[in-house]
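Reviewing the structure listed below.
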Amino acid sequence: MKLLVTDLMMNGISCPAGWSGLGNRCFRYFGTFRTWARAERDCLSLGAQLASVHSFLEHHQIQNLISESGGGNQETWIGASDAEENSIWFWSDGRIFQFTNWCGGQPNNAGGKQSCVVMNYSVNTCWNDEQCTASRPYVCVKKL
Numbered sequence: 001m002k003l004l005v006t007d008l009m010m011n012g013i014s015c016p017a018g019w020s021g022l023g024n025r026c027f028r029y030f031g032t033f034r035t036w037a038r039a040e041r042d043c044l045s046l047g048a049q050l051a052s053v054h055s056f057l058e059h060h061q062i063q064n065l066i067s068e069s070g071g072g073n074q075e076t077w078i079g080a081s082d083a084e085e086n087s088i089w090f091w092s093d094g095r096i097f098q099f100t101n102w103c104g105g106q107p108n109n110a111g112g113k114q115s116c117v118v119m120n121y122s123v124n125t126c127w128n129d130e131q132c133t134a135s136r137p138y139v140c141v142k143k144l
């Protein structure tokens, strides 16, 4: 977590205890398994939302946070969804969906029921669309 702590100190960001700073946002990994909707609700109860990812650097630093928080390379919910309309992806925090890190052949909406996104999928630790009713750990983000 050295990159996150260094960034936190350099930018003078003050994240709540247990949260890690990156840019002007604070992130936290939760190892509790939840459905995507339940994870989002849990994040909202903390004044946060499921994490949006906007660059490869952010993706890598969130992976480090997950790993160093005890999650290893566990498939983990992030805040992307196309539940409103198939193939129209959005972030639950309202930010623009530009950066992606899809695995080869993804998103594929297997079975017509995959509308939420996990990171750390497969040995390539890329993104995969998955059924929102699956239970996974998750990462929340709050903007300062």
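Using full-length UniProt numbering, the letters of the sequence shown correspond one by one to residues 1 to 144.
Ideal Cβ positions, reconstructed from N, Cα and C, are used throughout, including at glycine.
Indicate whether Ala51 and Val139 have their beta-carbon atoms separated by less than 9 Å. The beta carbons of Ala51 and Val139 sit closer together than 9 Å.
Along the beta strand (DSSP E) that carries Gly136, what are the first and last residues, could you check? In the sequence as presented, Gly is not what sits at residue 136; that position holds Arg. Arg136 -> beta strand (DSSP E) spans 136-143.
How long is the line joining the alpha carbons of Lys142 and Glu85, rounded to whole angstroms? Their Cα atoms are separated by approximately 26 Å.
Please list the terminal residues of the continuous beta strand (DSSP E) segment that includes Ile66. Counted as a single uninterrupted DSSP element, the stretch harbouring Ile66 is not any beta strand (DSSP E) but the alpha helix (DSSP H) occupying residues 56-66.
Can Cys103 and Ser81 be called in contact, C-beta distance under 9 Å? Taking C-beta atoms as the reference points, Cys103 and Ser81 fail to come closer than 9 Å.
Enclosing alpha helix (DSSP H) for Glu40 [first to last residue]: 36-45 is the extent of the alpha helix (DSSP H) around Glu40.
Using the C-alpha atoms, what's the distance from Leu144 back to Asn124? Inter-residue distance for Asn124 and Leu144 is about 32 Å (C-alpha atoms, whole angstroms).
Residue from Ser14, Ala110, Ser135, Thr32 whose Cα sits closest to the Cα of Gly70: Gly70 has its Cα closest to that of Thr32, out of Ser14, Ala110, Ser135, Thr32.
Pick out whichever of Gln98, Cys132, Glu40 has its Cα sitting closest to the Cα of residue 145. Nothing can be reported for residue 145, as the shown portion of the chain is limited to 1 through 144.
Own chain partners of Glu40 with C-beta closer than 6 Å, once the 5 adjacent residues on each side are dropped: For Glu40, same chain residues with a beta-carbon under 6 Å away, outside a window of 5 residues either side, are Leu50, Ser92 in chain order.
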